[in-house]
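Encoded as structure tokens, the structure appears first; notes follow it.
There are 2 protein chains.
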Amino acid sequence: MRSRIPGILGIAYPILQGGMIWVSDAGLAAAVSEAGGLGVIGAGGMPPETVEEEINKARRLTSKPFGVNIPILSPFAEGVFETSARLGVPVLTTSAGNPMTFTARAKEAGMKVVHVVSNVRMARKAQDAGVDVIVAEGYEAGGHNGFDELTTMALVPQVVDAVEVPVVAAGGIADARGMVAAFALGAEGVQLGTRFLASTDSPAHPRYKELILSAGDCATVITGRAFGPVRVLRNKLAEMILQAEREGMPPEKVQEMIGSGRSIKACLEGDLDEGSFMSGQVAGMIRELKSAREIIQELVEGYRRIAAEL
Amino acid sequence: MRSRIPGILGIAYPILQGGMIWVSDAGLAAAVSEAGGLGVIGAGGMPPETVEEEINKARRLTSKPFGVNIPILSPFAEGVFETSARLGVPVLTTSAGNPMTFTARAKEAGMKVVHVVSNVRMARKAQDAGVDVIVAEGYEAGGHNGFDELTTMALVPQVVDAVEVPVVAAGGIADARGMVAAFALGAEGVQLGTRFLASTDSPAHPRYKELILSAGDCATVITGRAFGPVRVLRNKLAEMILQAEREGMPPEKVQEMIGSGRSIKACLEGDLDEGSFMSGQVAGMIRELKSAREIIQELVEGYRRIAAEL
């Protein structure tokens, strides 16, 4: 695999685990890093004290590099950044906000910076901000999504053509086929979320994992298209939001109806009706739980086999 | 390239040109077929007499196999099918409707049948109907689009896993990078639309081609999401439709506002404000007009180079 990513991030394979609120805790992140990828603690929704505990826990579980993901618009962003920098977290991954916010300070603190984008303009801006790696995330990805709806196939080559820094593809990747496709498009790495969620190392509620395993190809929908698109598995909550949107309910009202705590209901409580079960379109490809190590080994071995067959 | 498609369709390379209303005429189809791909006359909107003329013209321009594309729900579908079968058109490509409608009769007439799908259920149905090749078309594709919004990265592997007949990937492919990616995902061929539209062999209005060449990554939008999604370049007409949709205008009213003849306005008249300029998300990757022959040669040569580098 031709890739600058392992050298930049200090990992064996250019495979990143996406930051997932309440799902990518220290345990999952450490398991991914131990297997040679980049595990990432998803700090979205966590106050700095909790993130500090998770970082310390990850340190006890692995001596390999790992990251902390900060959604820049999160109310805890500044505190989580300061905590991560103070504790010497090797990699900061940022998303959902201006890459200028933390990049310079993170690099001064010796961190590598990975920033997630969903169009070419954002990629150029991230490069200008000095990030080390750009994640180009397509419309098929689970969770928070860009407004421009560029898919991985269309987005990755256009970002690769626009910037010099290495590009990681995210969205639509659950096995080695997707990884080879990403590299063919010009990416130098892949980021997987849903696949690691449905792993034996993730703390997601068993009913959440079961939903992924039993999902078909059309299981996900976009809610909040007008104000903040999120890809989730279709359930009672998702149908309620879509119905309200179809009926023209104003975005503020929809957000009020959604309220807070929907991710906790999904990830920790497994509340099938009331939880927000974020997932990528690849849910339909995931048929069994595997460990993070198996997932990464299958990606690496599958990559070699498929690339040789092309 | 490992592919059953050349053997089935009698072509040199597993590269299909997508049927495009008012754009893929006999001239473009013959140019693609002459270059070793499968050229396809897009019969959408054409009465059988016009299609007969186009078929005869294509015959004069090439002795190689070509296809006729019939959107099954078109009012002319039955007449166009009968004409194509009577004239011994080698390949029928069908889309937007039930694959049972024409497949058996087409095969009795000695035609090969290619059917376009946008989810796994439709792919199984197409296989059951007896089609020879399935085109799995992702959300990033231009023109008429599925309701399920599955992207090429997520759709192709799931369709490949679900059926035995060979699968062609469509949507998001404009160069050899996309072609190699498609094969990595398990496809045995590719279908390109927008790339062939922006070719010196296409009859699209020069202003239409210029729009593609100057498009950025975020140039396209989906209109008619609730009743009949179509991916088009953002212009005055598209903005008007999106605005009406945001304001909750009923689908029938929106369709009434769109009226008919919008494709003719785009393709033949180059009316930048009032035309419906269908295009895939790859418009942003297309920087110059090329001949169909150059496009196909670059795909084939690029495939070998990129596959060797992986």
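Protein sequence lines correspond, in order, to chains X and E. Take 1 as the starting number for the first sequence in this note's numbering and just add one per residue. Take 1 as the starting number for the second sequence in this note's numbering and just add one per residue. All C-beta atoms in this analysis are idealised placements derived from N, C-alpha and C, irrespective of residue type, glycine included. Here the structure is a predicted model, which means the values were calculated and not measured.
Beta carbon of residue i nearer than 8 Å to that of residue j
| i | j | result |
| --- | --- | --- |
| Leu92/X | Ile72/X | no |
| Gly270/X | Arg262/X | no |
| Ala126/X | His115/X | yes |
| Arg4/X | Pro157/X | no |
| Ala26/X | Ile15/X | no |
| Phe227/X | Gln255/X | yes |
| Gly171/X | Gly138/X | yes |
| Ala123/X | Ala106/X | no |
| Met20/X | Leu289/X | no |
| Asp128/X | Asn119/E | no |
| Ala85/X | Ala58/X | no |
| Pro90/X | Gly193/X | no |
| Asp132/E | Val113/E | yes |
| Ala31/X | Ala292/X | yes |
| Val51/X | Val23/X | no |
| Pro76/E | Pro48/E | In the sequence as displayed, the identity of residue 76/E is Phe instead of Pro. Closer than 8 Å, so yes. |
| Thr152/X | Met179/E | no |
Chain X contact residues for residue i, given Cβ-Cβ distances below 9 Å
| i | result |
| --- | --- |
| Ala282/E | The amino acid occupying residue 282/E in the given sequence is Val; Ala does not appear at that position. Simply Met153, Ala154, Pro157, Gln158. |
Interface flag, residue i vs chain X, CB-CB below 8 Å
| i | result |
| --- | --- |
| Gly216/E | yes |
| Ile306/E | yes |
| Leu197/E | no |
| Leu9/E | no |
| Glu309/E | yes |
| Leu185/E | yes |
| Arg2/E | yes |
Buried versus exposed, by CB contacts within 10 Å (16 or more), residue i
| i | result |
| --- | --- |
| Met257/E | exposed |
| Arg2/E | exposed |
| Ala184/E | buried |
| Asp273/X | exposed |
| Leu213/X | exposed |
| Arg231/E | buried |
| Pro99/E | buried |
| Arg177/X | buried |
| Phe147/X | exposed |
| Ser63/E | exposed |
| Ala308/E | exposed |
| Arg195/X | buried |
| Lys236/X | exposed |
| Lys253/X | exposed |
| Gln243/X | exposed |
| Ala104/X | exposed |
| Ser95/X | buried |
| Ser33/X | buried |
| Glu164/X | exposed |
Partner residues on chain X for residue i, Cβ-Cβ distance less than 7 Å
| i | result |
| --- | --- |
| Tyr208/E | Here the premise fails: no neighbours, minimum Cβ distance about 19 Å. |
| Val180/E | Ala184, Leu310 |
| Gly248/E | Gly248 |
Residue i at chain E interface by Cβ criterion, 8 Å
| i | result |
| --- | --- |
| Met285/X | yes |
| Leu192/X | no |
| Arg177/X | yes |
| Arg234/X | no |
| Val165/X | no |
| Gly171/X | yes |
Residue i: contacting residues in chain X (beta-carbon distance under 8 Å)
| i | result |
| --- | --- |
| Leu150/E | Glu140, Asp217, Cys218, Gln281 |
Residues that residue i contacts on chain E, provided the C-beta gap is smaller than 9 Å
| i | result |
| --- | --- |
| Val120/X | Gly216, Asp217, Cys218, Gly284 |
Residue i beta carbon near the ligand ATP (any heavy atom closer than 7 Å)
| i | result |
| --- | --- |
| Asn69/E | Summarising the ligand content, the structure contains no ligands, and the ligand ATP is consequently not present. |
Run through the stretch 221 to 287 of chain X for me and flag every whole alpha helix (DSSP H) of 4 or more residues, listed as ranges in chain order. 236 to 246, 251 to 258, 262 to 267
Of all the beta strand (DSSP E) runs that stay within the bounds of the stretch 52 to 81 of chain E, which reach a length of 3 or more residues? 66 to 71
Ignoring anything shorter than 3 residues or poking outside the stretch 137 to 193 of chain E, list the beta strand (DSSP E) runs there in chain order. 167 to 170, 189 to 192
Which ranges does the alpha helix (DSSP H) cover as unbroken runs of at least 4 residues, wholly within the stretch 192 to 220 of chain E, from first to last along the chain? 194 to 197, 206 to 214
In chain order, each beta strand (DSSP E) run of at least 3 residues that lies wholly inside the stretch 91 to 126 of chain X: 91 to 95, 112 to 117
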